[in-house]
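Visitor: Have a look at this one.
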Amino acid sequence: MAIGATKGDVVKMVLRKGLALVTAGIAVGSVISFGVARMLADYYGGLLRPGAPCLANRPDPGVALRVAHGPSDAARQL
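Going by this note's numbering, the sequence shown opens with residue 35, and the numbers climb by one from there.
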(Lines of atoms letter the chains of each structure in order from A and count residues from 1; the text may use other names and numbers.)
(Lines give C-alpha, C1' and ligand atoms only; values in the text may rest on other atoms or scores of the structure.)
Protein backbone atom coordinates (compact mmCIF):
# COMPACT_ATOMS: atom_id res chain seq x y z
CA MET A 1 0.00 0.00 0.00
CA ALA A 2 1.11 3.48 -0.71
CA ILE A 3 2.18 5.73 2.11
CA GLY A 4 -0.39 8.45 2.45
CA ALA A 5 -3.29 6.46 1.07
CA THR A 6 -6.61 7.30 2.66
CA LYS A 7 -8.88 4.68 4.16
CA GLY A 8 -11.22 5.09 1.20
CA ASP A 9 -8.37 4.47 -1.24
CA VAL A 10 -7.46 1.24 0.53
CA VAL A 11 -11.07 0.01 0.47
CA LYS A 12 -11.42 0.89 -3.23
CA MET A 13 -8.19 -0.90 -4.11
CA VAL A 14 -9.14 -4.12 -2.31
CA LEU A 15 -12.72 -4.11 -3.61
CA ARG A 16 -11.52 -3.43 -7.17
CA LYS A 17 -9.20 -6.44 -7.02
CA GLY A 18 -11.97 -8.56 -5.54
CA LEU A 19 -14.39 -7.49 -8.25
CA ALA A 20 -11.81 -8.30 -10.94
CA LEU A 21 -11.45 -11.83 -9.54
CA VAL A 22 -15.24 -12.21 -9.40
CA THR A 23 -15.60 -11.09 -13.01
CA ALA A 24 -12.92 -13.49 -14.18
CA GLY A 25 -14.48 -16.34 -12.20
CA ILE A 26 -17.94 -15.66 -13.63
CA ALA A 27 -16.57 -15.61 -17.18
CA VAL A 28 -14.54 -18.80 -16.83
CA GLY A 29 -17.25 -20.61 -14.87
CA SER A 30 -19.93 -19.72 -17.42
CA VAL A 31 -17.85 -20.99 -20.33
CA ILE A 32 -16.98 -24.23 -18.53
CA SER A 33 -20.56 -24.85 -17.38
CA PHE A 34 -21.90 -24.31 -20.89
CA GLY A 35 -19.34 -26.75 -22.32
CA VAL A 36 -20.10 -29.39 -19.70
CA ALA A 37 -23.84 -28.91 -20.25
CA ARG A 38 -23.43 -29.45 -23.99
CA MET A 39 -21.33 -32.54 -23.36
CA LEU A 40 -23.93 -33.99 -20.97
CA ALA A 41 -26.77 -33.18 -23.37
CA ASP A 42 -24.97 -35.04 -26.16
CA TYR A 43 -24.17 -37.97 -23.86
CA TYR A 44 -27.75 -38.39 -22.66
CA GLY A 45 -29.27 -37.97 -26.10
CA GLY A 46 -30.71 -34.52 -25.68
CA LEU A 47 -32.49 -35.13 -22.39
CA LEU A 48 -30.91 -32.03 -20.91
CA ARG A 49 -31.22 -28.58 -22.35
CA PRO A 50 -27.79 -26.95 -22.51
CA GLY A 51 -29.07 -23.76 -20.88
CA ALA A 52 -30.36 -25.33 -17.67
CA PRO A 53 -26.97 -25.99 -15.99
CA CYS A 54 -25.82 -22.57 -17.09
CA LEU A 55 -28.73 -21.03 -15.20
CA ALA A 56 -27.80 -23.11 -12.17
CA ASN A 57 -24.39 -21.45 -12.34
CA ARG A 58 -26.02 -18.09 -11.66
CA PRO A 59 -23.45 -16.12 -9.65
CA ASP A 60 -24.30 -13.47 -7.09
CA PRO A 61 -21.83 -10.58 -7.31
CA GLY A 62 -23.36 -9.03 -4.18
CA VAL A 63 -22.19 -11.96 -2.08
CA ALA A 64 -18.73 -11.74 -3.60
CA LEU A 65 -18.50 -8.04 -2.81
CA ARG A 66 -19.55 -8.67 0.80
CA VAL A 67 -16.85 -11.31 1.08
CA ALA A 68 -14.26 -8.94 -0.43
CA HIS A 69 -15.31 -6.20 1.97
CA GLY A 70 -14.01 -8.15 4.98
CA PRO A 71 -10.33 -7.93 4.00
CA SER A 72 -10.77 -4.35 2.82
CA ASP A 73 -12.24 -3.39 6.17
CA ALA A 74 -9.35 -5.09 7.98
CA ALA A 75 -6.80 -3.35 5.76
CA ARG A 76 -8.52 -0.02 6.31
CA GLN A 77 -8.03 -0.28 10.06
CA LEU A 78 -4.25 -0.74 9.83
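By construction, the Cβ of each residue, glycine as well, lies at the ideal position given by its N, Cα and C atoms.
Using beta-carbon positions only, say whether L55 and L99 come within less than 8 Å of one another.
Guide: No, Cβ-Cβ distance for L55 and L99 is not below 8 Å.
Visitor: Closest to A108 by CA distance: which of I66, L53, G38, V44 is it?
Guide: Measuring from the Cα of A108, the nearest candidate turns out to be V44.
Visitor: Would you mind working out which of S67, L74, I60 sits nearest V97, comparing C-alpha positions?
Guide: Nearest C-alpha to V97: I60.
Visitor: Looking at A102 and G42, is the spacing between their C-beta atoms short of 8 Å?
Guide: No, the Cβ-Cβ distance between G42 and A102 is not below 8 Å.
Visitor: Quick one: what's got a C-beta closer than 7 Å to G104's C-beta in the same chain, skipping five residues either side?
Guide: Excluding residues within five positions, none has a Cβ falling inside 7 Å.
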